[in-house]
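Take the sequence shown: its position 461, counting from 1, is numbered 467 in the numbering used here, and each next residue is one higher.
The beta-carbon is built from N, C-alpha and C at its ideal position, and this holds for glycine as well.
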Amino acid sequence: MITDVVIAGGGPNGLMLACELSLAGIRPLVLERLPEPSQEPKANGLLGQVVKMLDHRGLHERLSDSPEPPQPNSAYFMFGAMDLDLSLLEDSPVYALPVPQRRIVQVLEDRAIELGVEIRRGHEVVGLSQDDDAVTVDITSPDGEYHLRTRYLIGADGAHSTTRKLSGIEFRGITYDRMTVRSAHATVPADWVEPANGALNVPGYGAVMPFLPHRTEHGGFSYAPMPGHPPLVATTEWDQPATDAPMSLEELRASIRRVLGVDVPLEPPNGEGPHALRRLTGGNTRVAERFAHGRVFLIGDAAHVFAATGGGPGLNLGLQDAINLGWKLAAEIRGSAPPGLLNTYETERRSAAHRMVLNAQAQAALIAPGGDVTGLRELFTELLRDPNTVRHLAELTAGADVRYDMGEPKPHPLMGRFAPDLELHTPAGPVRLAELTRTARPLLLDLTEGASLAQTPALRHEQVDIVTARPLPHAPTALLLRPDCYVAWASASPQPDSVEMETLRAALQRWFGPMEPARI
């Protein structure tokens, strides 16, 4: 047995899983077929719950180059190229982190190496077979072919996943073959850009807000001025004639004229590349038939891809796949996992994937051309004046609507949801809850009067850290957090009664195994 876990794919999802496993004491081996990190422009940032999750692992500061915690977008956002007025909400669930994918990969790779992960570049999985005990992986490398035996193989190798195909897992869904998306980094007239909000004021058309897709009867247009990079300009059209000609700025400019009805001058981008200049025809929304097959697991684009939602939501989903799987797989390998724990990976993440399918398909319908769609959008515009509708769509887009089943018939409102980032006053001083979860260990947060939970020996668990803090107004009095920072149990009682204490013990055993005395 060469290693406990082999991860096929050294992109963001594979590297995130490698970090999570390492924090749990498991050293995986990452195989990446590319000899060097890709410099191709891909996703332009992260969107949704994963921004908060990265803060809970201490990675937000590295990616944002700021010590400040993530702040929600409380101004405007989009759903199906329609305005979501987030100012209608008391607290916005939408978080965004504008950072190129290659930077995300660099930060995660640096962190994985810090944690002792071995990354083999230029090594590609080309075959596999598995038995009851392990997976035999066939690999090609610059030095020739070789084989590995591993207890688990993780497919983090993208939408065209070799791991998924070799495992015989179907990838069912919908192909959109009518859409053509053109995008390029380009220079636009500087005097068209509004200094106050970054909007692009297009003469003869009007203002186009940055980063937000804009739909017309003839297609879609977007303008994304990434910090420190030339703007990314893109269009979406339907039923365009096929062409083998190389993509050009003039082709994009002609597409903009068709979509907006006016001309937008485009000049080559300034600064160092690589710069995007591409044409993509069609798209896919697909979810794997299974996320696990024996000892093979799929995460990220290997398990699901989505058209019409952009790279942010896709990375949001994939990185959270990795965080969900990491602690469960580590517990299984250590022998501390309760029965059925590993099966909850597929149950929980398949549910989240299907929410994203709903998101993608609804947005695809709302941005399509045609007068009937325009009528639907007019009706939606009326609905979007309702704060409840805005919250529902904002949470769907951000992935904040995900709620896992924690096995309680009458759960506390926080149970199954991502933990709130509370400001705590502990015996060691003030701290944010997000700063207490960076070890990726389960956490019992005791805010009861007299720290009653921490004073109860029967609640101490080998796998769970206990932190006490002063009670907070209008906040829960106790939270049990899984390593992925989802709430497994919660209480609002100043002093939990015997029934609550028993449900806490049940939650500890359900997620972290038998109640054995913690080491002193």
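Helix, strand or coil at residue i [DSSP, three-state]
| i | result |
| --- | --- |
| Glu200 | coil |
| Thr142 | strand |
| Tyr211 | coil |
| Met59 | helix |
| Tyr82 | strand |
| Ser504 | helix |
| Thr9 | strand |
| Gly458 | Before going on, a small fix: residue 458 reads as Ser here, not Gly. DSSP places Ser458 in coil when its eight states are reduced to three. |
| His66 | helix |
| Thr483 | coil |
| Arg488 | coil |
| Phe518 | helix |
| Ala524 | Low local confidence applies: a pLDDT of 49 at Ala524 is under 50, so the model's placement there is unreliable, with the coordinate-based value given in what follows. In this structure, Ala524 counts as coil in the three-state DSSP scheme. |
| His398 | helix |
| Leu542 | Outside the modelled stretch of the chain, which goes from 7 to 526, sits residue 542, for which no answer is possible. |
| Ala511 | This sequence places Arg at residue 511; Ala is not what is there. Correct three-state label for Arg511: helix. |
| Ile472 | strand |
| Ala190 | strand |
| Ala313 | coil |
| Ala251 | coil |
| Ile32 | coil |
| Thr242 | strand |
Cutoff 8 Å; reference residue i; Cβ partners in own chain excluding five residues on either side
| i | result |
| --- | --- |
| Asp307 | Asn19, Gly164, Ala165, Ser167, Gly320 and Gly324 |
| Asn330 | Tyr351, Glu354, Arg355 and Asp490 |
| Ser458 | Asp452, Gln501 and Pro502 |
Residue range of the beta strand (DSSP E) that includes residue i
| i | result |
| --- | --- |
| Arg438 | Gly435 to Arg438 |
| Asn290 | Leu283 to Ala294 |
| Leu272 | Segment: none, Leu272 is in no beta strand (DSSP E) and carries neither H nor E. |
| Glu429 | Glu429 to Thr432 |
6 Å Cβ shell around residue i - same chain, five flanking residues per side excluded
| i | result |
| --- | --- |
| Phe217 | Ala230 |
| Gly316 | Annotation note: pLDDT 49 at Gly316 (below 50); position unreliable, coordinate value reported separately. None. |
| Thr9 | Leu35 and Thr156 |
| Glu124 | Leu35 |
Host alpha helix (DSSP H) of residue i (start-end)
| i | result |
| --- | --- |
| Ile262 | Leu255 to Leu266 |
| Tyr492 | Where Tyr492 is concerned, there is no enclosing alpha helix (DSSP H), given that its DSSP letter is neither H nor E. |
| Ser228 | Ser228 -> not in any alpha helix (DSSP H); beta strand (DSSP E) instead, spanning Gly225 to Ala230. |
| Val111 | Gln107 to Glu120 |
| Met551 | Lying before the first or after the last residue shown, residue 551 is absent from the chain, which here runs from 7 to 526. |
Proximity test, residue i beta-carbon vs the ligand ADP heavy atom, cut-off 7 Å
| i | result |
| --- | --- |
| Pro18 | The ligand ADP is absent from the structure shown, which contains no ligand whatsoever. |
Own chain residues within Cβ distance below 7 Å of residue i, not counting five before or after
| i | result |
| --- | --- |
| Glu67 | Pro73 |
| Ala336 | Leu27, Ala30, Gly31 and Ile32 |
| Leu159 | Val12, Ala14, Leu134, Val141, Val143, Thr169, Arg301 and Val302 |
| Glu455 | Pro477, Pro500 and Gln501 |
Within-8 Å CB hit, residue i to chain C
| i | result |
| --- | --- |
| Leu399 | Absent here is chain C; the protein component of the structure consists of one chain. |
Answer yes if the segment 201-216 comes into contact with the segment 172-191, meaning at least three C-beta pairs across the two stretches below 8 Å, and no otherwise.
-> no
Whole alpha helix (DSSP H) runs in the segment 123-177 with 4 or more residues, listed along the chain?
-> 168-172
At least 3 beta-carbon pairs within less than 8 Å: the segment 452-467 vs the segment 510-520 = yes
Starting from the N-terminal side, write out each stretch of the alpha helix (DSSP H) that is 4 residues or longer and does not extend beyond the segment 333-395.
-> For the segment 333-395, the continuous alpha helix (DSSP H) assignments of 4+ residues that do not extend past its boundaries occur at 349-373 and 377-389, in sequence order.
Mind the definition here: the segment 271-282 touches the segment 131-140 only if three or more C-beta pairs lie below 8 Å; say whether that holds.
-> The segment 271-282 makes no contact with the segment 131-140: fewer than 3 CB pairs, one atom from each, lie closer than 8 Å.
Contact the segment 496-504 vs the segment 438-447: 3+ CB pairs below 8 Å = no
Three or more beta-carbon pairs under 8 Å between the segment 393-409 and the segment 81-90, yes or no?
-> yes
Report yes or no: do three or more beta-carbon pairs, one from the segment 36-47 and one from the segment 409-424, lie closer than 8 Å?
-> no
Could you tell me whether the segment 284-296 touches the segment 186-202, using the rule of 3 or more Cβ pairs below 8 Å?
-> By the criterion of at least three beta-carbon pairs nearer than 8 Å, the segment 284-296 is in contact with the segment 186-202.
With contact counted as at least three CB pairs below 8 Å, one residue from each stretch, are the segment 233-250 and the segment 190-201 in contact?
-> The count of Cβ pairs closer than 8 Å, one atom from the segment 233-250 and one from the segment 190-201, reaches three, so the stretches are in contact.
Three CB pairs or more closer than 8 Å across the segment 94-105 and the segment 422-442 = no
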